[in-house]
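In order, the protein sequence lines correspond to chains E and V.
My numbering numbers the first residue of the first sequence as 228 and each following residue consecutively.
My numbering numbers the first residue of the second sequence as 5 and each following residue consecutively.
We put the beta carbon where it would ideally sit given N, CA and C, even for glycine.
Taking it in order: structure first as structure tokens, then the write-up.
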Amino acid sequence: MKRKALRAAFPHTIPILTGFGFLGFAYGVYMRVSGFSFWYPMLMSMTVFGGSLEFVAVSMLLAPFAPVQTFVMALLIQARHIFYGIAMLDKYRDVGPKRLYMIFGLCDETFSINCTARIPEGVDRGWFMFFVTLLDHAYWVASATLGGLAGALFTFDTAGLDFVMTSMFVVIFLEQWLKERRHASALIGLGASAACLALFGPDRFLVPAMLVILALLTAFRGPVGKAGDAA
Amino acid sequence: MTMTLAQRLVTIALCAAATVLTRFLPFLVFSSKKPTPRFVQYLGRALPGAVFGMLVVYCLRGVDVLAGSHGLPELIAIAVTAGLHLWKRQMLLSIAGGTVCYMLLVQLVF
């Protein structure tokens, strides 16, 4: 039963293998050239398993210790997972104890497969979704670790490689923008953050920016609320 | 590095804890029988756009438009990233292209 589910799940994860292979590797290299041994990307890809946050965590690890800001920032970056969970309430209900791991590993990519994949007749749904989760997690850990190891071998000038994080967020932001019918929320995020950066400076702008974003989103609930996509 | 090993491990643990919390919360709080509160649904739609906007600004927080290269390499590389993405809509190509462009700019031009 497990074998059959694994064989059915694997083809669905091939696009993720490519994507994670690239991004995870870039993440590992980025950590290595930022001065971290390979076991940092390995540990973080295992335990955090959320690409955006792991990239941001590199900057946070290089800055002075700020536990409260780290936790709030992490919550905000990861808040979208709450909605993946809500969408999977039914699907993950009756799959037994392995649901604990499946919920732990419910990243964007795993969610999109498990939410939309048409699971063939005769394949156990629970094990199918379990193996999608496990394979995606394994791809991410393997490529981040490899990146961390390979980063030490890079002999060319890696100055500017950290821009991979900026590029990644520009692309995700753009994808989000193209998907929305109205852009109030995206503009609030950009505008409030830029204003707080100008006011408070690069080391202190995050917490005020997060508060202003939450306040504005709450205040303009009516107009912004209609802007979302169908998710 | 400014943090001690223990502080780094705590920082990583906090990131992991926040992630686990957001992933488990719905299964602990909501049931598939009752509808999710409307404000929570609203935040689910509205937050991602705002958060990724904030993260773009966060990435650029160190850029000084008044000194040095005035943020020109960043501006050009972002334009290349966005242009590639609007043209091909291939996430990895856009990210790789923008990054390589930035590396060339800071190493060879500015």
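If you look at glycine 48 of chain V, you'll find it in the alpha helix (DSSP H) that goes 42 to 63.
Going by beta carbons, asparagine 341 of chain E and methionine 315 of chain E fall inside the 8 angstroms limit.
Between leucine 333 of chain E and arginine 27 of chain V, the CB-CB gap stays under 8 angstroms. Per the coordinates, the alpha-carbon of threonine 274 of chain E lies some 11 angstroms from the alpha-carbon of tyrosine 267 of chain E.
Taking every protein chain shown into account, the CB of proline 347 of chain E has fewer than 16 other CB atoms within 10 angstroms, so this residue is exposed. By a beta-carbon distance limit of 8 angstroms, leucine 76 of chain V does not contact phenylalanine 34 of chain V. Their separation comes to about 48 angstroms.
Going by DSSP, lysine 406 of chain E is part of the alpha helix (DSSP H) stretching over 390 to 406.
Residues of chain E whose Cβ lies closer than 7 angstroms to the Cβ of glycine 57 of chain V are, in chain order, Phe400, Ala413, Gly416, Leu417 and Ser420.
Leucine 270 of chain E places its beta carbon 8 angstroms or farther from that of methionine 7 of chain V.
For the options E:Gly387, E:Pro435, E:Ala446 and E:Glu336, the alpha carbon positioned closest to that of glycine 101 of chain V is the one of E:Gly387. Straight-line measurement puts the Cα of valine 359 of chain E at about 14 angstroms from the Cα of lysine 318 of chain E. Straight-line measurement puts the Cα of leucine 18 of chain V at about 33 angstroms from the Cα of leucine 79 of chain V.
Of the candidates V:Pro39, V:Ile82 and V:Cys63, V:Ile82 places its Cα closest to the Cα of leucine 109 of chain V.
What glycine 262 of chain E touches in chain V, judged by beta-carbon distance under 9 angstroms, is Met5, going in chain order. Residues are counted here when their Cβ sits less than 9 angstroms from a Cβ of chain V; for the region 375 to 391 of chain E these are Asp384, Thr385, Ala386, Gly387, Leu388, Asp389, Phe390 and Val391, given in chain order. Among the CB atoms of chain E, one or more fall inside 8 angstroms of the CB of valine 60 of chain V. Linking valine 398 of chain E to valine 322 of chain E through their CA atoms gives a straight-line distance of about 35 angstroms. Bounds of the alpha helix (DSSP H) holding proline 77 of chain V are 76 to 92. Around the beta carbon of glycine 255 of chain E, 16 or more other beta carbons lie within 10 angstroms, which makes this residue buried. Residues of the region 239 to 258 of chain E that bring their beta carbon within less than 9 angstroms of a beta carbon in chain V comprise Thr245, Gly246, Phe249, Leu250 and Ala253, in sequence order.
For valine 24 of chain V, the closest C-alpha among the options E:Leu303, E:Leu362, E:Arg320 and E:Ala344 is that of E:Leu303.
Between methionine 437 of chain E and aspartate 351 of chain E, the CB-CB gap reaches or exceeds 8 angstroms.
DSSP, reduced to helix, strand and coil, places histidine 410 of chain E outside both helices and strands of the structure shown, so it counts as coil.
Short of 7 angstroms from the beta carbon of valine 368 of chain E, and not among the five residues preceding or following it, lie these beta carbons of its own chain, in chain order: Met269, Ser272 and Met273. Approximately 6 angstroms separates the beta-carbon atoms of glycine 374 of chain E and glycine 251 of chain E; this is inside 8 angstroms, confirming the contact.
With respect to the 8 angstroms criterion, methionine 395 of chain E and phenylalanine 282 of chain E are classified as neighbours on the basis of their beta carbons.
Listed in chain order, the positions of the region 291 to 313 of chain E with a beta carbon within less than 8 angstroms of a beta carbon of chain V are Pro291, Phe292, Pro294, Thr297, Phe298, Ala301, Leu302, Leu303, Ile304, Gln305, Ala306, Arg307, His308, Ile309, Phe310, Tyr311, Gly312 and Ile313. Contact with chain E is found for glycine 48 of chain V, since one of that chain's Cβ atoms lies less than 8 angstroms from the residue's Cβ. Straight-line spacing of the CA atoms in alanine 54 of chain V and leucine 417 of chain E works out to 7 angstroms. Taking the CA atoms as reference points, serine 261 of chain E sits about 31 angstroms from lysine 92 of chain V.
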